[in-house]
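In this note's numbering, the protein residues as written are 47 to 297.
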């Protein structure tokens, strides 16, 4: 015996355009029990494997299907039975924005675990713009007494990844990342002063460090080399605070 309907005929008014007809057909196919339960089964498999019912939205068929369930519920086009089935997953979220935010946060968490920092380059294809957006929302919070643009919960979550909120810190860490890449490539973190971007920057850091040790920092240099930044630099292979001159190397 065959399951489901064999054929459905739409008797629509002639004035209805093809776009509407195609959309109706697609909606019917996607909502048929067999098709829906098949995708639900795939979501169950994903949940068992990853411990989460939030597959990537951007790049997967399952992620797109999950997103459509949220859309259909908002339009009152999802049955109570299916709503209950989806809500069995402990981390199911109906709010599309919250789901998107959580997905990006998990990606940032993975980046943090792999790189030991959350200073994502703005050109990063998956996270660059999103991370920049979080800083923008955070700054809007400071300017507004009535509206909360980024919740305390989200701020706390980002802080667990040592998130950089300040633009000046971001610029410093960008240069540090370039220095780290230089060290990996060359086996040391002592670029010549002529090295593009980081050469003069490193030379300046050493000068600030010397003045810091001698308690004669100039105005505004107090935040240039914090204890945390010193530790980061000292973790780099071959880092030294004083580079021997050519004359010293000869003697």
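A virtual CB, placed ideally from N, CA and C, is assigned to each residue, including glycine.
If you're wondering where the values come from, they're calculated on a predicted model, not measured in any experiment.
Rounded to whole angstroms, the separation of the alpha carbons of residue 80 and residue 187 is 47 Å. Below 8 Å, too few C-beta pairs join the segment 155-166 and the segment 114-132 to call them touching: fewer than three. By the CB criterion at 8 Å, residue 173 and residue 157 fall inside the cutoff. Segment contact: the segment 205-217 against the segment 235-246, fewer than three CB-CB distances shorter than 8 Å; contact not assigned.
In the displayed model, residue 239 falls within coil according to three-state DSSP, outside both helix and strand. For residue 244, the three-state secondary structure derived from DSSP is helix.
The three-state secondary structure of residue 182, taken from DSSP, is helix. With a 10 Å radius around the Cβ and a threshold of 16 neighbouring Cβ atoms, residue 177 comes out buried.
Taken through DSSP and simplified to helix, strand or coil, residue 91 comes out as helix. Looking at 255, 149, 86, the one whose alpha-carbon comes closest to that of residue 203 is 149.
For residue 147, the enclosing alpha helix (DSSP H) begins and ends at 142-161. Distance check between residue 271 and each of 281, 265, 258, 97 places 258 closest, using alpha-carbon atoms only.
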